[in-house]
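In this note's numbering, the protein residues as written are 5 to 499.
Glycine included, every Cβ here is placed at the ideal spot set by N, Cα and C.
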Ligand code: ADP
Ligand code: GLC
């Protein structure tokens, strides 16, 4: 099959979170299965044009009543090789993407012209196919920034009966909490009539909701874990789109993300002091723990359990319950328990300030504010436990990375965390991590306490759990096959 991934992020070119990892890793896995896969993302300011090749000639994209002009660059996806090549295309439009930030920046977290930037991007996907003379069987779009691809296919391209008449569309939800809701004064720019505004489901309390329109228009929908697929159909976790997802439930499923084992593998990782695997874990992890303690300025101590975190600092990740001033449990955890805690993260400024304040007052808590790919690998390798108390988690990659690196996850029993972590049973020693149900400061405190207790009192069980986690198969192969089946199911019935 010919598959075109349309996304706002793709590792290593543009990344704010797991979306980028997923798009590139799935593309590689599909290419290995023998499919022809291409990715299209915007050319953001940070992506150096010098490492890309320019396609000849400018590209026109009909928008509003007129036309926008842009350039197109291309490069191979790193890791894809000659045998299973995956090509990435970059849409280069100076006014929309020639600025710092993907969706916004610290001063302007959600650019005012985002609906126009991403409407343009979604429309440009079709022009790119025309320009390159390559027409996909499947247009696979990701999250709200690319959701309008589905609308353009259904309400513009398919009715024309041209090159896209037989194409099908899939929309993957990576996070229902972000929908792209903007004033409907932006709608004219999309160049679709007002009938489409209502028929495609853009309308949302008199505003324009890009994800919602995608959910109505795509042939098939999915999200990134089976558990989250069920949760999003409930009022509690549906972010007011649960009704739409129930309405489309025959076409809506959950497919668990895998991890890219060429990037996230302690036996091959260039960012850790000594490579290791399940058969020889002790020394490799001990070296990584020393290096991590040194990096964060913590006392060198092999016996104290080290808990790591790598996260966006937003309420989705449970940081309110952990670090909230006065009520968050991090202070008591670090005061009452003999452990070390390190955090690598960036996000909401209240939280950045709070964790910096805490780390100056607590000798056993250190943080690094910022985004640092190499250090995130060292945190996974050097930690004994990995804390992820998410409010909700569509899939979550870090808890899989941590199991692969022999750090036991401490997580809330929700979404993809529930699908990828097995809770510890202290009677039998079963499990690969520690889980709690309700998200509140006390529950985080108790569960971290439980893990620390096991560290000091059931060390043999901890070592066995570590082994079990490291031997789990989180590779993409299984899930890539499920995507192929999904693609095939939406092609059934197409000419
Ligand atoms: P989400 O996409 O919701 O943030 P995931 O667990 O799916 O959650 O993916 C997060 C990805 O982003 C992981 O690859 C993680 O290592 C990375 N990440 C998050 N914050 C940072 C950071 N501050 N520095 C480096 N990597 C980070
Ligand atoms: C989103 C979700 C995360 C998921 C990632 C990749 O960012 O928050 O849970 O792992 O997308 O699908």
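According to DSSP, residues forming a beta bridge with residue i
| i | result |
| --- | --- |
| residue 315 | 349 |
| residue 112 | 109 |
| residue 71 | 66 |
| residue 58 | 77 |
| residue 371 | 347 |
| residue 227 | 177 and 258 |
| residue 427 | 437 |
| residue 93 | 44 and 78 |
| residue 126 | Note: residue 126 sits in no beta bridge, so no partner. |
| residue 416 | 440 |
| residue 208 | 211 |
| residue 390 | 312 and 413 |
| residue 14 | 18 |
| residue 9 | 43 and 144 |
| residue 172 | 142 |
| residue 185 | 213 |
Heavy atom of the ligand GLC within 6 Å of residue i beta-carbon
| i | result |
| --- | --- |
| residue 392 | no |
| residue 113 | no |
| residue 228 | yes |
Residue i Cβ short of 6 Å to the ligand ADP heavy atom set
| i | result |
| --- | --- |
| residue 425 | no |
| residue 2 | There is simply no residue 2 to check, as the chain begins at 5 and stops at 499 in what is shown. |
| residue 109 | no |
| residue 314 | yes |
| residue 183 | no |
| residue 348 | yes |
| residue 131 | no |
| residue 17 | no |
| residue 446 | no |
| residue 376 | yes |
| residue 387 | no |
| residue 84 | no |
| residue 333 | no |
| residue 363 | no |
| residue 479 | no |
| residue 380 | yes |
Exposure of residue i, with buried meaning 16 or more beta-carbon neighbours within 10 Å
| i | result |
| --- | --- |
| residue 178 | buried |
| residue 126 | buried |
| residue 353 | exposed |
| residue 120 | buried |
| residue 146 | buried |
| residue 491 | buried |
| residue 457 | exposed |
| residue 253 | exposed |
| residue 48 | buried |
| residue 216 | buried |
| residue 202 | exposed |
| residue 268 | buried |
| residue 81 | buried |
| residue 362 | buried |
| residue 372 | buried |
| residue 432 | exposed |
Test: residue i CB closer than 7 Å to a CB of chain B
| i | result |
| --- | --- |
| residue 41 | The chain inventory of the structure shown lacks chain B, comprising one protein chain alone. |
Practice prompt. Inspect the CB distances between the stretch 304 to 323 and the stretch 397 to 415 and report whether three or more fall short of 8 Å.
Written response: yes
Practice prompt. Would you be able to state if there are at least three C-beta pairs under 8 Å between the stretch 259 to 267 and the stretch 203 to 216?
Written response: no
Worksheet item: Counting pairs of beta carbons, one from the stretch 347 to 367 and one from the stretch 261 to 274, are three or more of them closer than 8 Å?
Response: no
Worksheet item: Would you say the stretch 219 to 230 touches the stretch 141 to 160, given that touching needs at least three Cβ pairs under 8 Å?
Response: yes
Worksheet item: Going along the chain, which residues put their C-beta within less than 7 Å of some heavy atom in the ligand GLC?
Response: 21, 22, 23, 25, 26, 178, 179, 228, 261, 320, 397, 398, 399, 400, 401, 419 and 420
Worksheet item: Per the contact definition of three or more C-beta pairs closer than 8 Å, is the stretch 193 to 202 in contact with the stretch 34 to 47?
Response: no
Fill in: Touch test, the stretch 278 to 288 against the stretch 316 to 332, Cβ-Cβ under 8 Å, three pairs minimum
no
Worksheet item: Any contact of the stretch 159 to 173 with the stretch 374 to 389, i.e. 3+ C-beta pairs under 8 Å?
Response: no
Discussion item. Taking 8 Å as the cut-off, does the stretch 465 to 474 touch the stretch 12 to 22 (at least 3 CB pairs, one atom from each stretch)?
Written reply: no
Fill in: Cβ contact (3+ pairs, closer than 8 Å) linking the stretch 297 to 308 and the stretch 404 to 421
no
Discussion item. Quick test of the definition: if touching needs 3 or more C-beta pairs under 8 Å, does the stretch 92 to 107 touch the stretch 41 to 60?
Written reply: yes
Worksheet item: Does the count of Cβ pairs from the stretch 440 to 453 and the stretch 224 to 239 closer than 8 Å reach three?
Response: no
Worksheet item: Quick check: the stretch 416 to 435 against the stretch 242 to 249, are there 3 or more CB pairs under 8 Å?
Response: no
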